[in-house]
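K.L.:
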Amino acid sequence: MKRKSLDIVLCVCACLPVRQAFVIILLLFPLYSNAQTLSTKSKRAIEYYTQADNFRVRGQLTEAIALLNQAIEKDRKFEEAHFRIGLTYRSAGELNKSNQSLENGMALTTNPIKLKNYFYLLAEGFLRVGNYSKSLALATRFLTSEKFDKKKILQVEVWKKQSQYSLDNADRKFDYQIKPLSDTVNSFPTQYFPTITPDENELIFTVSFGMTASDNEEIFITKKSENGSWGKPIPISNQINTNFREGASTISADGRLLIFTICGYQGCDLYQSTKLGSYWSKPASLGTNVNSNGWDAQPALSADGNLLFFVSSRSGGFGGYDIWYSTRNEDGTWAKAVNAGKTINTAFDELAPFIHSNGLNLYFASNGLPGFGGYDIYMSERVDFGWKDPINLGQPLNDFTDQYSFVVNGKGDFAYYSKEQGKGSKIYSTTIPAQLQIKRKSNIVRGIVVDATTKNPLKAKIELHDLSANKLISTFTSDSTSGSYLFVLPSQSDYAVHANSAGYLFASLNFNVADETSEKIVNLELPPIAKNAEVTLKNIFFEFDKYELSEKSTVELEEVRNFLKVNPMLRVEIGGHSDNVGSEKYNQQLSEKRAQEVFNHLILSGIPKTQLAFKGYGSSKPVANNNSEESRALNRRISFIIL
1 MKRKSLDIVL CVCACLPVRQ AFVIILLLFP LYSNAQTLST KSKRAIEYYT
51 QADNFRVRGQ LTEAIALLNQ AIEKDRKFEE AHFRIGLTYR SAGELNKSNQ
101 SLENGMALTT NPIKLKNYFY LLAEGFLRVG NYSKSLALAT RFLTSEKFDK
151 KKILQVEVWK KQSQYSLDNA DRKFDYQIKP LSDTVNSFPT QYFPTITPDE
201 NELIFTVSFG MTASDNEEIF ITKKSENGSW GKPIPISNQI NTNFREGAST
251 ISADGRLLIF TICGYQGCDL YQSTKLGSYW SKPASLGTNV NSNGWDAQPA
301 LSADGNLLFF VSSRSGGFGG YDIWYSTRNE DGTWAKAVNA GKTINTAFDE
351 LAPFIHSNGL NLYFASNGLP GFGGYDIYMS ERVDFGWKDP INLGQPLNDF
401 TDQYSFVVNG KGDFAYYSKE QGKGSKIYST TIPAQLQIKR KSNIVRGIVV
451 DATTKNPLKA KIELHDLSAN KLISTFTSDS TSGSYLFVLP SQSDYAVHAN
501 SAGYLFASLN FNVADETSEK IVNLELPPIA KNAEVTLKNI FFEFDKYELS
551 EKSTVELEEV RNFLKVNPML RVEIGGHSDN VGSEKYNQQL SEKRAQEVFN
601 HLILSGIPKT QLAFKGYGSS KPVANNNSEE SRALNRRISF IIL
């Protein structure tokens with residue numbers, strides 16, 4: 001894959017945020033040539049200055065700084081040495097010393113070209129340490145003096161807006177409860193890009209062992225103990241961690257699909273690995289619809305598994321690094337990636353997307369939107385026409401350092417994220433203030449699928465339908481070795497779930513999810529196809545005291561139709577059942593009419609009459625007592641029995 005020179009530098013720090021890669025880029029910042037006339041006449045100062053450059057280009061910053069300080073001691077008015085040590089301090093992450101040195105150099109020159117360089121560097125330098133007044137003043141001086149360099153003008157205009165935004169919002173702070181994760185997790189030189197499983201029991205993150213080309217990046221995992229503390233992180237798998245750089249991952253809701261970044265000498269692409277039992281498969285590329293000749297990294301998978309957000313430097317975007325997305329095709333492949341649009345992306349860089357499990361709220365980091373400097377965290381909400389304007393999540397979560405990779409739990413009240421920490425990064429957790437919490441939360445349903453007779457685990461195909469929208473939301477499978485499954489249900493809707501396995505009668509579930517969040521344990525027993533095997537059709541609906549089918553029954557009727565098409569030799573009975581309210585005769589008639597209504601619908605959909613029978617049982621076969629409305633509702637049902 002071909003790369004521009006800038007991307008080559010970024011690939012040295014494959015999965016790092018651009019700001020940290022920028023520390024390396026500063027080593028390449030145009031410096032004053034030794035061939036030009038220097039402001040000092042001291043031969044010894046020039047000698048130190050020249051020697052320092054040899055160390056600087058090799059990344060030996062401590063040695064370079066020591067020599068530049070010696071050059072300045074020989075001549076306090078050596079302007080070029082002040083400039084160079086200012087840049088070198090910045091590369092070393094010592095921003096306050098950098099700003100002071102650059103200010104010293106700026107005071108020693110009247111050269112308009114040099115002054116513009118100082119204005120430019122210090123406008124950002126003071127922004128990055130939270131000195132917004134000085135940053136604003138220097139940004140204004142730069143914009144007054146520079147009329148031709150459109151790229152720099154655009155950049156400084158953003159810094160100016162961020163400084164003004166920071167001053168305007170200095171007293172507006174939210175009640176975040178922020179703290180770093182324990183030293184057990186934050187035990188590496190750099191850790192970042194956390195991702196959390198929906199049950200919040202596993203934390204997966206990227207570890208970097210340094211900032212040079214010889215330092216590796218790998219994916220680690222830690223598990224939560226019974227007392228709520230995080231265990232010792234371990235490498236996720238030898239299949240995933242290799243001699244290349246791996247990191248910036250996202251995991252499916254059931255924890256069995258990992259999409260992550262692999263970077264080699266020529267760039268970064270997205271790969272996936274699937275988990276069977278406790279073993280991860282060999283990674284496979286997501287293909288050319290997702291991966292490009294640009295830099296592709298930092299994926300975020302939706303809870304339903306159908307939408308993948310990621311960051312790319314490919315052409316066709318709005319800035320250097322944009323957020324793109326791809327939708328999953330019916331065959332499991334990914335469609336051609338689409339830019340997330342100008343509401344999300346700016347002329348600068350957007351990083352580290354995270355799509356909440358409700359499928360509506362997108363969190364990401366940007367250095368091009370109004371904020372407090374560096375990368376701030378923003379939230380947007382998906383609506384029918386696209387995305388709402390992003391909201392800055394405010395102080396003290398955001399400040400003049402870099403914050404990114406913000407991942408939020410299903411309730412929307414707690415998050416994990418990465419924060420710049422000196423020359424590295426640590427993982428933090430935080431509560432989310434009520435006024436910034438999402439409106440639509442999500443719920444977890446988990447369990448195992450087993451053979452109803454042997455109790456052995458089964459690999460089953462599980463489909464999730466939104467009954468309100470009459471739409472298939474997602475399709476996934478239970479683990480073939482354990483039978484386990486997990487999926488996420490956004491609140492404020494009505495869902496049908498079907499589990500199928502060849503040779504077995506299907507299972508039918510219904511979930512009506514309100515605003516509250518919860519975790520449901522639902523173990524499914526699939527009976528082998530045999531005479532008298534029975535299942536309750538839990539997504540067949542009638543109006544109260546009537547026998548006409550509700551429109552929401554369409555999904556269940558299609559499930560029954562498909563089962564009978566796949567098993568044409570079977571003959572089944574549609575049974576109607578009622579509670580004990582009312583006369584026995586009335587209940588018998590109503591239950592039979594309801595069973596006949598289902599029978600007629602299946603006939604009209606193409607099922608031969610020879611495969612079907614129907615019968616009304618009234619209240620003669622209750623599955624629960626009739627002492628409450630909840631139990632009576634269980635007795636009002638349609639059954640499906642193998643004859």
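Heads up, the sequence shown is in the numbering used here, so the first residue is 1 and it goes up one at a time.
Each residue gets a CB set at the ideal place from its N, CA and C atoms; glycine is no exception.
1) Among Lys538, Gln611, Tyr48, Ala352, which has the Cα closest to the Cα of Ser553?
2) First and last residue of the alpha helix (DSSP H) that includes Pro233?
3) The alpha helix (DSSP H) that contains Val566, what's its start and end?
4) Taking Cβ to Cβ, would you say Leu360 is nearer than 7 Å to Arg440?
5) From the beta carbon of Phe193, is the nearest beta carbon of chain B less than 7 Å away?
6) Per DSSP, what kind of secondary structure is His577 in: helix, strand or coil?
7) Assuming Val156 and Ala107 make a contact with CB atoms under 8 Å, what is their CB distance in whole Å?
8) Which parts of the region 604 to 630 are runs of the beta strand (DSSP E), unbroken and 3 residues or longer, counting only runs that do not cross its ends?
9) With a CB to CB cut of under 7 Å and the five nearest residues on each side skipped, what residues in its chain are close to Leu26?
10) Comparing alpha-carbon positions, which option in Phe205, Trp280, Asn241, Thr274 lies nearest Lys232?
11) Counting beta carbon pairs with one atom in the region 231 to 245 and one in the region 440 to 455, are three or more of them shorter than 8 Å?
12) Could you pull the DSSP bridge partners for Glu246 from this structure?
13) Within the region 84 to 151, note down every full alpha helix (DSSP H) run reaching 4 residues or more, in order along the chain.
14) Let's test the definition: count the other Cβ atoms within 10 Å of the Cβ of Glu519 and tell me whether it reaches 16, buried, or not, exposed.
15) Pull up the CB-CB distance for Asn443 and Ser508, whole angstroms please, since I reckon it's below 8 Å.
16) Applying the 10 Å Cβ sphere with the 16-neighbour rule, what's the burial state of Lys419?
17) Apply the 10 Å Cβ neighbour rule to Val185 and answer buried if 16 or more other Cβ atoms are within range, or exposed otherwise.
18) Given a cut-off of 7 Å, decide if Ser501 and Ala460 are closer than it, judged by their beta-carbon atoms.
19) Which residue marks the beginning of the beta strand (DSSP E) containing Asp494, and which one marks its end?
20) Would you kindly check if the distance between the Cβ of Leu115 and the Cβ of Trp159 is under 7 Å?
21) So which of Arg637, Glu330, Lys388 has the shortest CA-CA distance to Gln588?
22) Suppose the cutoff is 8 Å on Cβ atoms and the five residues either side in sequence are ignored; what does the same chain contact list for Leu95 look like?
23) According to the neighbour-count rule (16 or more other Cβ atoms, all chains shown, within 10 Å of its Cβ), is Asp149 buried or exposed?
24) Sorted by chain position, which residues of the same chain lie with C-beta nearer than 7 Å to Gln51's C-beta, five sequence neighbours on each side aside?
25) Ignoring anything shorter than 4 residues, give me the alpha helix (DSSP H) runs that lie fully in the region 331 to 375, in order along the chain.
26) Is Ala253 near Phe406, with beta carbons less than 7 Å apart?
27) Contact between the region 560 to 580 and the region 621 to 634 is defined here as three or more beta-carbon pairs at a separation below 8 Å; is this criterion met?
28) Could you compute how far the alpha carbon of Lys593 sits from the alpha carbon of Gly616?
29) Please name the residue in Asn169, Thr110, Lys152 whose C-alpha comes closest to that of Pro370.
30) Can you give me the start and stop residues for the beta strand (DSSP E) that Gln191 sits inside?
31) What residues in its chain sit with their C-beta under 7 Å from that of Lys97, if we drop five residues either side in the sequence?
32) Measure the CB-CB distance between Leu38 and Glu80 and report whether it falls below 7 Å.
33) To the nearest angstrom, how far is it from the Cα of Thr430 to the Cα of Asp199?
34) Can you say whether Ala337 is buried or exposed, counting buried as having 16 or more other CB atoms within 10 angstroms of its CB?
35) Roughly how many whole angstroms lie between the Cα atoms of Leu612 and Val572?
36) Below 8 Å on the Cβ atoms is my guess for Trp387 versus Ile432; work out the distance and round it to an integer in Å.
P.N.:
Reading off the structure:
1) Start at 1 with the first residue of the sequence shown, and residue 553 comes out as number 553. In terms of Cα proximity to Ser553, the closest of Lys538, Gln611, Tyr48, Ala352 is Lys538.
2) As a first step, residue 233 must be located in the sequence shown, where it is residue number 233. Run containing Pro233: none; DSSP gives neither H nor E here.
3) Taking the first residue of the sequence shown as 1, we reach residue 566 at position 566. First-last of the alpha helix (DSSP H) with Val566: 554 to 566.
4) Indexing the sequence shown from 1 puts residue 360 at position 360. Indexing the sequence shown from 1 puts residue 440 at position 440. Yes, Cβ-Cβ distance for Leu360 and Arg440 is below 7 Å.
5) The structure shown contains no chain B; it is built from a single protein chain.
6) For the purposes of this step, residue 577 is taken as the residue at position 577 of the sequence shown. Of the three classes helix, strand and coil, the one that applies to His577 here is strand, per DSSP.
7) Here residue 156 corresponds to residue number 156 of the sequence shown, with the count starting at 1. Here residue 107 corresponds to residue number 107 of the sequence shown, with the count starting at 1. Contact doesn't hold; Cβ gap of about 21 Å is too wide.
8) Correct list: 612 to 616.
9) The residue labelled residue 26 in the question sits at position 26 within the sequence shown. Here the model assigns Leu26 a pLDDT of 46, short of 50, so the residue's position is not dependable, and the following value carries that caveat. Cβ-Cβ distances below 7 Å link Leu26 to Leu87, Arg90, Ser91 in the same chain, with the five nearest sequence neighbours on each side left out; the list follows chain order.
10) Working through the sequence shown from its first residue, we reach residue 232 at position 232. The option with the nearest alpha carbon to Lys232 is Phe205.
11) Not touching, per the Cβ criterion.
12) Walking along the sequence shown from the start, residue 246 turns up at place 246. Answer is Ile262.
13) The DSSP assignment places complete alpha helix (DSSP H) segments of no fewer than 4 residues inside the region 84 to 151 at 95 to 106, 112 to 127, 132 to 145, in order along the chain.
14) The residue labelled residue 519 in the question sits at position 519 within the sequence shown. Exposed, since its Cβ has fewer than 16 Cβ neighbours within 10 Å.
15) Here residue 443 corresponds to residue number 443 of the sequence shown, with the count starting at 1. Here residue 508 corresponds to residue number 508 of the sequence shown, with the count starting at 1. At roughly 19 Å, the Cβ-Cβ gap does not stay under 8 Å, so Asn443 and Ser508 are not in contact.
16) As a working note, residue 419 is residue 419 in the sequence shown. That one is buried.
17) Along the sequence shown, read from residue 1 onward, the residue named residue 185 stands at position 185. Buried, because 16 or more other Cβ atoms sit within 10 Å of the Cβ of Val185.
18) By one-based count along the sequence shown, residue 460 stands at place 460. By one-based count along the sequence shown, residue 501 stands at place 501. In this structure, Ser501 lies closer than 7 Å to Ala460 by Cβ.
19) The residue labelled residue 494 in the question sits at position 494 within the sequence shown. First-last of the beta strand (DSSP E) with Asp494: 493 to 500.
20) Position 159 of the sequence shown, counted from the first residue, corresponds to residue 159. Position 115 of the sequence shown, counted from the first residue, corresponds to residue 115. No.
21) Counting from 1 along the sequence shown, the entry for residue 588 is found at position 588. When each option's Cα is compared against that of Gln588, the closest is Arg637.
22) Residue mapping note: residue 95 aligns to position 95 of the sequence shown, counting from 1. So the list reads Tyr89, Gly125, Arg128, Val129, once near-sequence residues are dropped.
23) Your numbering for residue 149 matches position 149 in the sequence shown. Burial call: exposed.
24) Here residue 51 refers to the residue found at position 51 when the sequence shown is read from its first residue. Around Gln51, the same chain offers Leu67 as residues with beta carbons nearer than 7 Å, after the five sequence neighbours per side are excluded.
25) none
26) Here residue 253 is taken as the residue at index 253 of the sequence shown, counted from 1. Here residue 406 is taken as the residue at index 406 of the sequence shown, counted from 1. No, these two residues do not count as a Cβ contact at 7 Å.
27) Proximity of the region 560 to 580 to the region 621 to 634 meets the contact definition, three or more beta-carbon pairs being nearer than 8 Å.
28) Walking along the sequence shown from the start, residue 593 turns up at place 593. Walking along the sequence shown from the start, residue 616 turns up at place 616. Going from the Cα of Lys593 to the Cα of Gly616 covers about 7 Å.
29) Here residue 370 refers to the residue found at position 370 of the sequence shown. With distances taken between Cα atoms, Pro370 lies closest to Asn169.
30) Here residue 191 refers to the residue found at position 191 when the sequence shown is read from its first residue. Gln191 -> beta strand (DSSP E) spans 190 to 196.
31) As a first step, residue 97 must be located in the sequence shown, where it is residue number 97. Tyr89.
32) As a working mapping, residue 38 is identified with position 38 in the sequence shown. As a working mapping, residue 80 is identified with position 80 in the sequence shown. Yes, these two residues count as a Cβ contact at 7 Å.
33) Taking the sequence shown and counting its residues from 1, one reaches residue 430 at position 430. Taking the sequence shown and counting its residues from 1, one reaches residue 199 at position 199. Rounded to whole angstroms, Thr430 to Asp199 spans 17 Å at the Cα level.
34) Here residue 337 is taken as the residue at index 337 of the sequence shown, counted from 1. Buried, since its Cβ has 16 or more Cβ neighbours within 10 Å.
35) Indexing the sequence shown from 1 puts residue 612 at position 612. Indexing the sequence shown from 1 puts residue 572 at position 572. Going by the C-alpha atoms only, they are around 5 Å apart.
36) One-based indexing of the sequence shown puts residue 387 at position 387. One-based indexing of the sequence shown puts residue 432 at position 432. Rounded, the Cβ-Cβ distance is 20 Å, inconsistent with contact.
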